[in-house]
Amino acid sequence: MYAVIKTGGKQYRVQPGDVIVVEKLDGDAGAAVNFGEVLMLGGDKGVTVGAPLIDGAAVAATLIETRKGEKIKIFKKIRRQGYRRTNGHRQMETVLRITGIEGAGEKAKWDGKVDLMTKAEINARARGLAPRVEAAEAAPAKKAPAKKAAKAEGAEA
Numbered sequence: 030m031y032a033v034i035k036t037g038g039k040q041y042r043v044q045p046g047d048v049i050v051v052e053k054l055d056g057d058a059g060a061a062v063n064f065g066e067v068l069m070l071g072g073d074k075g076v077t078v079g080a081p082l083i084d085g086a087a088v089a090a091t092l093i094e095t096r097k098g099e100k101i102k103i104f105k106k107i108r109r110q111g112y113r114r115t116n117g118h119r120q121m122e123t124v125l126r127i128t129g130i131e132g133a134g135e136k137a138k139w140d141g142k143v144d145l146m147t148k149a150e151i152n153a154r155a156r157g158l159a160p161r162v163e164a165a166e167a168a169p170a171k172k173a174p175a176k177k178a179a180k181a182e183g184a185e186a
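Position 104 of the sequence shown, counted from 1, bears residue number 133 in our numbering, the numbering being contiguous throughout.
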């Protein structure tokens, strides 16, 4: 099942389990967000198109993080006049995990677990810069191999 929702002046096609990036929304990490502006639903019973919205349809999501987006550069120039100006900014954005869709007599839920790991932490782990807490707790401390100690004693004798 999928839905087309409207938020932040844009439209998004979503399914349960999708991760989407939208304009900044209020809320802390882990907060539940509901979208009532559902424009279209598609599922086993066919496609339902709203006029302009579908009554009673809703999309549930969990807020993962609020962050700054990619840098946008603004460059102005008037040729042959020596006029050049460079400016830029980073727009605030919110990352959401879609957890459920309901409407038009159908319901769809996402069975997975919502992980609140931020993009910065994912990137740090990919480069090997962040400590892996789960791996450190799971693996016991290793002892020095006995072979190297035996070779060292044999070389001394």
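Backbone N, C-alpha and C fix where the C-beta goes; we use that ideal spot for every residue, glycine too. Here the structure is a predicted model, which means the values were calculated and not measured.
When the Cα atoms are used, residue 128 and residue 83 turn out to be separated by approximately 19 Å. In its chain, beyond the 5 residues on either side, 105 have a beta carbon closer than 7 Å to the beta carbon of residue 114.
Secondary structure note for residue 42: it is in no alpha helix (DSSP H), and the uninterrupted beta strand (DSSP E) holding it is 39-43. Residue 65 sits away from residue 51, with the two beta carbons spaced by 9 Å or more.
A check of alpha carbon separations from residue 39 across 63, 156, 68 identifies 68 as the nearest.
For residue 148, the enclosing alpha helix (DSSP H) has its first and last residue at 148-155.
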